[in-house]
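Under this note's numbering, the residue at position 21 of the sequence shown is numbered 164, and the numbers go up by one with no gaps.
We put the beta carbon where it would ideally sit given N, CA and C, even for glycine.
Quick caveat, the model's predicted, so the values are computed rather than measured.
What follows is a short report on a single structure.
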Amino acid sequence: MPFVPRQGRIAVMADSTFSTPGMRARIRQDLERAAGSAGVTLEFLDVGTADDVARAFEALAARRPAALIVLPGSMLFALGARLVGSARSRSRFR
């Protein structure tokens, strides 16, 4: 059984350089439909560079969503744990 917060906001980080705009729109629609069924709202964070990811983590630290979903993307995969660890330490996202 998947874990879904019972209420609140879920942040969704998406690599804006990955796939086509049409595919990203379909993924977003599917996620919004599922979130509506679960009674949660989504906040999308489109990132295209390492600096975008760092800024996104700073925003997450201030907004404190109930969960974070990171969608697959080549930029996010390439930067991997090094980027997440760096952004996390700078933003104090916990």
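Top-ranked residue by Cα proximity to residue i, from the options
i, options, result
"Ala224", "Val196, Ala202, Thr184, Val183", "Val196"
"Val190", "Ile153, Pro164, Arg167, Asp158", "Asp158"
"Arg152", "Arg207, Val213, Arg169", "Arg207"
"Met166", "Phe220, Gly216, Leu222, Ala221", "Gly216"
"Ala210", "Phe161, Ala178, Arg169", "Ala178"
Buried versus exposed call for residue i [16 or more other C-beta atoms within 10 Å across all chains shown]
i, result
"Met144", "Low confidence applies here, because Met144 scores a pLDDT of 42, under 50, leaving its location unreliable and the question unanswered by this model."
"Phe200", "buried"
Extent of the continuous beta strand (DSSP E) run through residue i
i, result
"Phe187", "184 to 190"
Coarse secondary structure for residue i, derived from DSSP in three states
i, result
"Leu219", "helix"
"Met144", "Only weak support is given to the placement of Met144: the predicted model assigns it a pLDDT of 42, under 50, and the question is left unresolved by the model."
"Gly179", "helix"
"Arg167", "helix"
Residue i to residue j span [Cα, whole Å]
i, j, result
"Leu214", "Arg176", "16 Å"
"Asp173", "Ser180", "11 Å"
"Leu222", "Ala205", "23 Å"
"Glu186", "Asp194", "19 Å"
CB contact check: residue i to chain C, cutoff 8 Å
i, result
"Ala157", "The structure shown contains no chain C, having only a single protein chain."
Span of the alpha helix (DSSP H), counted from its first residue to its last, around residue i
i, result
"Leu214", "No alpha helix (DSSP H) holds Leu214; DSSP gives it neither H nor E."
"Ala209", "Ala209 -> no alpha helix (DSSP H), and no H or E assigned at all."
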